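For the sequence shown, position 202 matches number 201 in numbering that gives the first Met the number 0, and the numbering has no gaps at all.
The structure under discussion appears below in the form of structure tokens.
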Amino acid sequence: MDCGHLFDLGDRSTRRSLSSILLFGIPLLSLGWMGIPVAAQSTNPELCQKFPQDLRCNLSAPSQVGQAPQPTTRPRVAVLDFDFSSLSNSYSLREASRGVSDLLVDRLVRDGTFSVIEPSRLDAILAEQNLGLSGRLDANTAAQVGRILGVDAVILGSVTQFDVSVRRSGGEARVLTPFGSFPLAVGAEVVDADANVQLNARLVSTSTAEILAVVEGRGNVSQSDSTVTVADFGGGSATSNEEKLLVLASQQAVEQIAQQLAGFASRLAAQPRSLPTVDALVADVYGNQVILNKGSSDGYRVGLILSVEPVVREVKDPATGAVLRKLTEPAGQIQLTEVDQGSSVGRILSSSGFKVGDVAKPIQ
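Structure (structure tokens):
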């Protein structure tokens, strides 16, 4: 192969094109390396489609380096125990039907569309508000509980069907042996069991007490068992695992409920968000950052704006000395940028001087 052909510049027009690249391309590259933006208006879109490696197309592409990702916030929800009062056999199935809410919590957590609070925190609030045994909660009361928890919505559910129907068929026969026919009680029985579960759920906004969605789920699981017994000697069991069937049917119904609720997540996110009802204290001030002693477990979230207010006066009970009131005055505002379960970090928006122990009140 004649290597000289590799450097053959061809005709004069080709040489002029190469000269243009040398004269203008190298400075253009230098501008790109120096971080100077290159105008993209002159780039021909058709040229870039045909020749995506063209220098001008590559230089005109906007750089994504240094762009901070936009934080995404999942709606926070709480799942109340499903109500079972409409069932005729509600007493015997009380604990089993309560387990339906646990199934829904697990399913929502795995899906990831919502941020679900720990059920034990919900139980504590219900006990504190004396609502644990008060029966079915209405939307307004549920919204009140949700605001205390700092969630965006509360899921209220009811169990409208939760039963197992059993059908038995079969009979006894005489046994023929080499010694004759004996009337031994030989039985062959078939047991058919059907578990049926029907659930209803409502998604209630804590900021407006509006019912955003009403969804329904149904589950049905069947099982057939065959058993044989000879006289008093059992050769099998005629019982079906009714509890297992109910669990499987409940899982089917919960799956439908969860899928439908996920479809309303965007509508919930568009609702005005409720403010946490618990104030925080300033734990540290460093530069433009303020650290608070409250976090996501109290409903604090990224983007929340708080008024930081020092305590200027305490009002005490003259008889006992107990503090009745703490009077505060606004000293500035912060906006949360980082939140974990038990603490938050905020950047100062305005300040006349913050110190450890100041009260931070959610305002927006």
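All C-beta atoms in this analysis are idealised placements derived from N, C-alpha and C, irrespective of residue type, glycine included.
Quantities reported herein were computed from a predicted structural model and do not represent experimental measurements.
Supposed contact pair residue 190 and residue 75 - C-beta distance, whole angstroms, cut 8 Å: The residue given as residue 75 occupies position 76 in the sequence shown. The residue given as residue 190 occupies position 191 in the sequence shown. Contact flag wrong, Cβ pair sits at about 46 Å.
Three-pair Cβ contact test at 8 Å for the stretch 135-154 versus the stretch 110-124: The stretch 135-154 is in contact with the stretch 110-124.
At least 3 beta-carbon pairs within less than 8 Å: the stretch 299-313 vs the stretch 151-159: Flag = no, the stretch 299-313 and the stretch 151-159 do not touch.
Element boundaries [beta strand (DSSP E), containing residue 291]: Numbered from its first residue, the sequence shown carries residue 291 at position 292. Where residue 291 is concerned, the enclosing beta strand (DSSP E) stretches over 288-291.
Assigned secondary structure, residue 139 (DSSP; H/G/I helix, E/B strand, else coil): As a first step, residue 139 must be located in the sequence shown, where it is residue number 140. Per DSSP, reduced to three states, the secondary structure at residue 139 is helical.
Buried or exposed by the 16-neighbour rule on C-beta atoms within 10 Å, applied to residue 207: For this step, residue 207 is matched to residue 208 along the sequence shown. Taking all protein chains shown into account, residue 207 has fewer than 16 neighbouring C-beta atoms within 10 Å of its C-beta and is therefore exposed.
C-alpha distance - residue 215 paired with residue 262, whole-angstrom precision: The sequence position of residue 215 within the sequence shown is 216, counting from 1. The sequence position of residue 262 within the sequence shown is 263, counting from 1. In this structure, the alpha-carbon of residue 215 lies about 13 Å from that of residue 262.
Beta-carbon spacing of residue 213, residue 192 below 7 Å: To locate residue 213, count along the sequence shown from 1; it is residue 214. To locate residue 192, count along the sequence shown from 1; it is residue 193. No. Outside cutoff.
Simplified DSSP state of residue 188, which is helix, strand or coil: Sequence index remark: in the sequence shown, residue 188 carries index 189 (1-based). If DSSP states are grouped into helix, strand and coil, residue 188 belongs with the strands.
Close-in-space but distant-in-sequence residues of the same chain around residue 313 (CB under 8 Å, 5 per side omitted): Along the sequence shown, one-based indexing puts residue 313 at 314. Within the same chain, residue 313 has close Cβ partners 322, 324, 325 and 326.
Under the three-state DSSP convention, the category residue 306 falls into: By 1-based counting over the sequence shown, the position of residue 306 is 307. The answer is strand: DSSP assigns residue 306 an E or B state.
Per DSSP, the bridge partner or partners of residue 161: Taking the first residue of the sequence shown as 1, we reach residue 161 at position 162. Partner residues in the beta bridge of residue 161, as assigned by DSSP, are 196.
Beta-carbon proximity list for residue 294, same chain, < 7 Å, skipping 5 on both sides: Residue mapping note: residue 294 aligns to position 295 of the sequence shown, counting from 1. Spatial neighbours of residue 294 in its own chain (CB-CB distance under 7 Å, excluding positions within 5 residues in sequence) are listed in chain order as 338, 339, 340, 341, 342 and 343.
Validate contact between the stretch 275-293 and the stretch 247-262 using beta carbons, cut 8 Å, 3 pairs: Using a C-beta cut-off of 8 Å, the stretch 275-293 makes no contact with the stretch 247-262, since fewer than three inter-stretch Cβ pairs fall below that distance.
Reference residue 334; option with closest CA among 311, 363 and 141: What you label residue 334 is simply residue 335 of the sequence shown in a count that begins at 1. Looking at 311, 363 and 141, the one whose alpha-carbon comes closest to that of residue 334 is 363.
Minimum C-alpha distance to residue 243 - residue among 188, 117 and 195: Within the sequence shown, numbered from 1, the residue matching residue 243 stands at position 244. Of the listed residues, the one whose Cα sits closest to residue 243 is 195.
For residue 322, the first and last residue of its enclosing beta strand (DSSP E): In the sequence shown, counting from the first residue as 1, residue 322 sits at position 323. Residues 322-327.
Span of the alpha helix (DSSP H), counted from its first residue to its last, around residue 120: Position 121 of the sequence shown, counted from the first residue, corresponds to residue 120. Element bounds for residue 120: 118-127.
Which listed residue (152, 199 and 82) has its alpha carbon closest to that of residue 267: Counted from its first residue, the sequence shown places residue 267 at position 268. Taking only the C-alpha atoms, the option nearest residue 267 is 152.
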